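So the sequences go chain by chain: A and B. The opening residue of the first sequence carries number 169 in my numbering; numbering runs sequentially from there. The opening residue of the second sequence carries number 161 in my numbering; numbering runs sequentially from there. Notes follow the structure.
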Amino acid sequence: MKTLLRDLRDFFVSLKLTVALLVFGMLLVFAATLDQTNLGIWGIQQKWFRTFIVWQEVRGISLPIFPGGYFIGGLLLLNLLAAHIARFKFTWRKAGIFLTHLGLILLLVGELLSGLWQEDFHLRLNEGDTKNYAESYRDNEVALTDITDPQFDDVVTIPEALLERHASVQHPKLPFRVVAKAYYPNSLLQMRGPASPPSLATTGLGLEVVAAPQPMTYKTNEANLPSTYVELVAPDASPGTFLLSTGLVAPQRFDYGGRSWKITLRPKRIYEPFSLTLVKFSHDRYAGTDIPKNFSSRIKLTTPDGRDDREVLVYMNNPLRYAGLTFYQAGFENNDRTTILQVVRNPSWLLPYVACAMMTVGLVAQFGIHLVAFVQKRRAKLSVPAVA
Amino acid sequence: MALALLLAGCGKTDTASYRIPKEKDAELPASMTQPASTTPTPADPLVAPPAAAPGGPMAGTAVPTAGGPGLTWTAPAAWQAKPAGAMRKGSFRVTDAAGATADLSITAFPGAVGGELANLNRWRGQVALPPIAASDLAAAATRFTANGLSFTVVDLAGADPANPQRILGGMTPYQDAMWFFKLTGPDALVAQAKPAFLDFLQTVKPVTP
Chain A
169 MKTLLRDLRD FFVSLKLTVA LLVFGMLLVF AATLDQTNLG IWGIQQKWFR TFIVWQEVRG
229 ISLPIFPGGY FIGGLLLLNL LAAHIARFKF TWRKAGIFLT HLGLILLLVG ELLSGLWQED
289 FHLRLNEGDT KNYAESYRDN EVALTDITDP QFDDVVTIPE ALLERHASVQ HPKLPFRVVA
349 KAYYPNSLLQ MRGPASPPSL ATTGLGLEVV AAPQPMTYKT NEANLPSTYV ELVAPDASPG
409 TFLLSTGLVA PQRFDYGGRS WKITLRPKRI YEPFSLTLVK FSHDRYAGTD IPKNFSSRIK
469 LTTPDGRDDR EVLVYMNNPL RYAGLTFYQA GFENNDRTTI LQVVRNPSWL LPYVACAMMT
529 VGLVAQFGIH LVAFVQKRRA KLSVPAVA
Chain B
161 MALALLLAGC GKTDTASYRI PKEKDAELPA SMTQPASTTP TPADPLVAPP AAAPGGPMAG
221 TAVPTAGGPG LTWTAPAAWQ AKPAGAMRKG SFRVTDAAGA TADLSITAFP GAVGGELANL
281 NRWRGQVALP PIAASDLAAA ATRFTANGLS FTVVDLAGAD PANPQRILGG MTPYQDAMWF
341 FKLTGPDALV AQAKPAFLDF LQTVKPVTP
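Below, the structure is given as structure tokens:
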């Protein structure tokens, strides 16, 4: 038993393991870079890095082909921790090395937490528009809204993951059950013709339009167009089966149980406890050329309780950080009248900064200690009187 | 660490409910708004191109993507405009002396909508014609340019002798969408309306701001 534990310890503190993991890490980055042509940047992050095992489909069977980023990074972290515990002894002379390694550990943990916790959204604002929500780049949701009240909308959202599973959802705020009959992550919308096959839809736009499933695209200049057929099942007169798609911008309306409803498939939204108004988007160019000099959005930030009512300027490398969200200037369109802000929620956003600061201080301290020792040694050597 | 993994796993499959102040529905991009001066009632255009790729166009270009207006056209006086309905940009009834009618629809869909061949074969299927291969596409379609728009036009006579139907179809890419102009109806009527249809396509042009 003791031998086994010693072997295990020797394995985890081994420098050979460090080197092997670094080599695996390099191979992982190389293979993922090649695969980026097939899957795009988001796809390879999920397939190669944010996973313990990399799976590859070979003739319809998923096979594990390589250790994933979490596996290699996790082992590297264990290796680093184990080496510190088992081998290194703290001395002031090595304080810099310790601090540098601690920074590295924090960097690895920070990347893991970012991978697990970070959420990305975007916010499109036309000049003069006000919004209190941001939309996801990738995730979608079915939104059922009770629009009967003239003052408020009551919204129930069902995430894409449940649609993919063809789930049947009974929400306490809905007088009907929502059954996902089909879900296509990418689709083509076409007008139905006389020879078109029967549609799953029994009401709404699905009577005129049909969604044909398509392979997903991972190209950066293309977007997937998800569509779903959703049936609303009620004990008496069911509202029917709707075709929903992110390509159908306006929601479809219907009445049920004496109330008015609208239903749509849209990018997942996060509502914020404040609203943003685009006062002006500026696209400055160098005089006499079309070369961009600066992009900036003048935004008015307002909270309902009146605690905040101020203008902020968001531009490259100067994001707005507010209420746990960071708003970066990400794009523009519509002849410079619409701004696109990237909205990031990452509770662990400070860790990489702290880690880098620790590593910098650690390296400076370590080199400083060596420099001082070197200078002292040299001075001592010079001060020895020459023997005649 | 285990807690972090656990927390990250939550939320993907949860339904949510909330109350918000009354919201206006999303405004449509200008490229997809109803442009047709000849359409009697404005359509309720519900289809828009997918959003731009994440990150927007800022990174590599100095030229912003312009969301200009849509297309406009002038229909022959003999064509009777119909309400466009939910999915159409424009809709007309074409009638002959005997009272037979054909339907002209104008629609726009985001992206390339599968490309020319897929759409041509879809139309062929609607008049009981077998699909053609990509190598036959050049011979099956005629092309011309009008007002800066590149049109692909096909003339498909149906294969069902009991109910001879014909489709005259024109498609043109414009901005982020593919626009379709399709005249469907009895073979003789559609064949007779072909010159008027081709003249009509010549009138299609982008709306000037």
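C-beta: ideal position from N, C-alpha, C; glycine also. Note that the structure is predicted; figures quoted are calculated from it, not measured.
Open item on the list: Taking 8 Å as the threshold (beta carbon to beta carbon), is residue 384 of chain A in contact with chain B?
Closed with: no
Task: Residue range of the unbroken beta strand (DSSP E) whose run includes residue 395 of chain A - done: 395–401
Task: Spatially closest choice to residue 313 of chain A from A:268, A:432 and A:231, by CA coordinates - done: A:432
Task: Whole-angstrom distance between residue 384 of chain A and residue 392 of chain A, CA atom to CA atom - done: 6 Å
TODO: With a 10 Å radius around its C-beta and 16 neighbouring C-beta atoms as the bar for buried, classify residue 548 of chain A as buried or exposed.
DONE: exposed
Open item on the list: So for residue 194 of chain A, helix, strand or coil by DSSP?
Closed with: helix
Open item on the list: Quick check: residue 248 of chain A and residue 529 of chain A, are their CB atoms within less than 8 Å of each other?
Closed with: no
Open item on the list: Rounded to the nearest angstrom, what separates residue 422 of chain A and residue 293 of chain A at their Cα positions?
Closed with: 29 Å
Task: Status (buried if at least 16 other CB within 10 Å, exposed otherwise) for residue 258 of chain B - done: exposed
Open item on the list: Could you check if residue 355 of chain B belongs to the surroundings of the ligand HEM, using beta carbon to heavy atom distance under 7 Å?
Closed with: Here there are no bound small molecules, and the ligand HEM is not part of this structure.
Open item on the list: List, in chain order, every chain A residue whose beta-carbon is nearer than 8 Å to that of residue 181 of chain B.
Closed with: 319, 320 and 321
Task: Under 8 Å between C-beta atoms of residue 209 of chain A and residue 222 of chain A - done: no
TODO: Could you spell out where the alpha helix (DSSP H) holding residue 386 of chain A opens and where it closes?
DONE: That residue, residue 386 of chain A, is in no alpha helix (DSSP H); it is neither H nor E in DSSP.
TODO: Using 10 angstroms around the beta-carbon of residue 508 of chain A, count the other beta-carbons present and answer buried if the total reaches 16, otherwise exposed.
DONE: buried
Task: Classification of residue 284 of chain B by the beta-carbon crowding that lies within 10 angstroms, buried from 16 upward - done: buried
Task: Amino acids of chain A, ordered along the chain, whose beta-carbon sits closer than 9 Å to that of residue 252 of chain B - done: The contacting residues do not exist; residue 252 of chain B stays about 15 Å from chain A at best.
TODO: Note down, in chain order, every chain A residue with its Cβ under 9 Å from the Cβ of residue 275 of chain B.
DONE: Result: empty, since nearest Cβ-Cβ is about 10 Å, beyond 9 Å.
Task: Close Cβ partners of residue 109 of chain A (< 7 Å) along its chain, the five nearest in sequence each way excluded - done: Past the edges of chain A, shown from 169 to 556, lies residue 109 of chain A, and the structure says nothing about it.
Open item on the list: Spatial neighbours of residue 324 of chain A within its chain, please: C-beta separation below 6 Å, excluding the five flanking residues on both sides.
Closed with: 312, 339, 341 and 342
- [ ] Establish whether the CB of residue 339 of chain A and some CB of chain B are separated by less than 8 Å.
- [x] yes
Open item on the list: Below 9 Å on C-beta distance, what does residue 490 of chain A contact in chain B?
Closed with: Chain B residues near residue 490 of chain A: none, gap ~19 Å exceeds 9 Å.
- [ ] Give the secondary structure of residue 263 of chain B by DSSP, where H, G and I count as helix, E and B as strand, and everything else as coil.
- [x] strand
TODO: Assign residue 256 of chain A to one of two classes, buried (16 or more other C-beta atoms within 10 Å of its C-beta) or exposed (fewer than that).
DONE: exposed
TODO: Express the C-alpha separation of residue 354 of chain B and residue 345 of chain B in angstroms, rounding to a whole number.
DONE: 12 Å
Open item on the list: Can you check whether the C-beta of residue 397 of chain A is within less than 8 Å of a C-beta belonging to chain B?
Closed with: no
Task: Residues in the region 422–456 of chain A having any Cβ partner in chain B nearer than 9 Å - done: 430, 432, 434, 435, 439, 451 and 453
- [ ] State yes or no: is the beta carbon of residue 393 of chain A nearer than 8 Å to at least one beta carbon in chain B?
- [x] yes
- [ ] Give me the Cα-Cα distance between residue 275 of chain B and residue 360 of chain B, rounded to the nearest whole angstrom.
- [x] 23 Å
- [ ] Look at the alpha carbon of residue 250 of chain B and the alpha carbon of residue 204 of chain A, and state the distance between them as a whole number of angstroms.
- [x] 42 Å
- [ ] List in chain order: all unbroken beta strand (DSSP E) runs of 3+ residues lying wholly within the region 245–324 of chain B.
- [x] 250–255, 261–270, 302–306 and 309–317
- [ ] Could you tell me the boundaries of the alpha helix (DSSP H) in which residue 283 of chain A lies?
- [x] 263–285
- [ ] Evaluate residue 207 of chain B with the Cβ neighbour count: other Cβ atoms within 10 Å of its Cβ, from every protein chain shown; 16 or more gives buried, anything less gives exposed.
- [x] Bear in mind that the predicted position of residue 207 of chain B carries a pLDDT of just 45, short of 50, making it unreliable; the figure below should be weighed with that in mind. The residue is buried, with at least 16 neighbouring Cβ atoms inside 10 Å.
Open item on the list: Would residue 282 of chain B pass as an interface residue toward chain A - the criterion being a Cβ-Cβ separation below 8 Å?
Closed with: yes
TODO: Determine whether the Cβ of residue 324 of chain A lies closer than 8 Å to any Cβ atom of chain B.
DONE: yes
Open item on the list: I'd like the span of the alpha helix (DSSP H) that includes residue 237 of chain B, first residue to last.
Closed with: Counting along the chain, residue 237 of chain B falls outside any alpha helix (DSSP H), and DSSP gives it neither H nor E.
Task: 8 Å CB neighbourhood of residue 386 of chain A in its chain, flanking five on each side removed - done: 206, 207, 208, 210 and 211
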